[in-house]
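First the structure, in the form of structure tokens, and then the observations on it.
Residue numbers (my numbering): 2 to 227.
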């Protein structure tokens, strides 16, 4: 599907200035283009800026972090190369703080805790798993906000940013994210496969030029399961 046919209005801008644009990524959309040719965030945002600002030529955007395709929520994109360098550094050093919300199967016990695992990604299958040695250390903290029936709403503070980390670690302790069949969920969401009950709730970062802290928060996606 070409970008010109995509309902760009569904990709809302949460914050923007001359240096950064922060968007609310829809679940199911790629962060950046891959071999599939499916639509991605960078292409849509470039088109949005080009049309809105009547910009001739190319629009510069710098990808400073990614969200998994089935994940929705706050995503920061740099609008200048200087901002891209400074923001990328913040994500690498974990100065940028990310909070997520997830709906998981069951009720984690204890209802708040810290998870530390070694993770290894299989490049061939694109599946990440917990290993005893040879992987990279993944760290997160979680707290259960509420439990209903056989599912729980959980807030996650991400300390490291490994591929599929939240999905793998919660699944490993017996509480896969609802809809995440790849990592053990027994059910799909109403929106169907390719969407999971995980979204990037907020990101706090130092503005690349003003240095002051900026926090951007997203509401739950439309049709959120909680």
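Every residue gets a Cβ at the ideal spot worked out from N, C-alpha and C, and that includes glycine.
For residue i: DSSP bridge partner residues
i	result
residue 66	Residue 66 pairs with nothing; no bridge assigned.
residue 41	31
residue 101	157 and 201
residue 77	23
residue 129	122
residue 114	143
residue 14	24
Cβ-Cβ distance between residue i and residue j below 8 Å
i	j	result
residue 159	residue 105	no
residue 63	residue 82	yes
residue 102	residue 177	no
residue 128	residue 119	no
residue 96	residue 207	yes
residue 195	residue 151	no
residue 109	residue 174	yes
residue 75	residue 226	no
residue 1	residue 60	Nothing in the structure corresponds to residue 1, since the chain is present only between 2 and 227.
residue 141	residue 130	no
residue 144	residue 113	yes
residue 24	residue 12	yes
Range of the contiguous alpha helix (DSSP H) that encloses residue i
i	result
residue 199	Premise fails: residue 199 lies in the beta strand (DSSP E), 199 to 207, not in any alpha helix (DSSP H).
residue 83	82 to 94
Integer-rounded CB distance, given that residue j should sit under 8 Å from residue i
i	j	result
residue 14	residue 78	So it is not a contact: roughly 10 Å between Cβ atoms.
residue 99	residue 201	7 Å
residue 80	residue 19	7 Å
residue 161	residue 125	With 8 Å as the limit, residue 161 and residue 125 do not qualify as a contact, their Cβ atoms being about 23 Å apart.
residue 88	residue 26	Going by Cβ atoms, the distance from residue 88 to residue 26 rounds to 16 Å, so no, they are not a contact pair.
residue 44	residue 34	6 Å
residue 137	residue 163	6 Å
residue 146	residue 157	That belief does not hold up - the Cβ atoms of residue 146 and residue 157 are roughly 11 Å apart, past 8 Å.
residue 30	residue 70	7 Å
residue 187	residue 180	The pair is not a contact, with the Cβ atoms about 10 Å apart (cut-off 8 Å).
residue 224	residue 192	6 Å
Residue range of the beta strand (DSSP E) that includes residue i
i	result
residue 218	214 to 218
### Task
Tell me the start and end of each unbroken beta strand (DSSP E) in the region 134 to 197 that is at least 3 residues and wholly inside, in chain order.
137 to 149 and 152 to 159
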